[in-house]
Structure formats: C-alpha cells, structure tokens
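Using the numbering used here, the first residue of the sequence shown is number 626, and each one after it goes up by one. The beta carbon of each residue, even a glycine, is placed where N, CA and C say it ideally should be. Just so it is clear, the structure is predicted and the values come from calculations on it, not from any experiment. Structure record follows, encoded as structure tokens.
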Amino acid sequence: MTTDREALLRRAAELACELAESGFAKAPEPLAQAVAEARRAGITIEEISAYGSRLRKQGR
Numbered sequence: 626m627t628t629d630r631e632a633l634l635r636r637a638a639e640l641a642c643e644l645a646e647s648g649f650a651k652a653p654e655p656l657a658q659a660v661a662e663a664r665r666a667g668i669t670i671e672e673i674s675a676y677g678s679r680l681r682k683q684g685r
C-alpha cells in the first residue's frame, strides 16, 4: 500500500469513526469529501470500513 493511498484510507476511516462516535452530531461534509477522494484513488467503501474497524479495535 502506498503512503498516499494509506493516508487517504486512514483519513476516511478516522472521520467515519469520529462521526459515528459523536452520534452523528458532527457535520458529515468532511467525511463525504474524504470518502470521495479515497474512492477516486480506487479505495472501496469496504476497505474504509475494515480499516475503521481495525482502528476501533486498537483504541486508536
């Protein structure tokens, strides 16, 4: 995994976790933008979800 790809993946996953942890009280636009950037890089929603799961298990 390239550094740029991993950075996009991590950003999208972290924002998804933060939004969920806030009870969806935060603005969704940053997440939508990060996911769109990740998708343009060929990253799937499933990859973002799996990465987010790993972050949560690690207690990020």
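By Cβ distance below 7 Å, which residues in the same chain neighbour residue i in space, the five residues on each side in sequence not counted?
i	result
Val660	Ala637 and Ile673
Gly677	Ala638, Ala641 and Cys642
Ala666	Arg630 and Leu633
Please look up how many angstroms separate the CB atoms of residue i and residue j, rounded, as I've assumed it's under 8 Å.
i	j	result
Leu656	Ala641	6 Å
Leu633	Glu662	6 Å
Arg630	Ile668	7 Å
Where do the N-terminal and C-terminal ends of the alpha helix (DSSP H) with residue i fall, by residue?
i	result
Ala650	Careful: Ala650 lies outside any alpha helix (DSSP H) and carries neither H nor E.
Gly667	First-last for Gly667: undefined, no H or E at that position.
Excluding five sequence neighbours on each side, which residues of the same chain lie with their C-beta closer than 6 Å to the C-beta of residue i?
i	result
Leu644	Lys651 and Leu656
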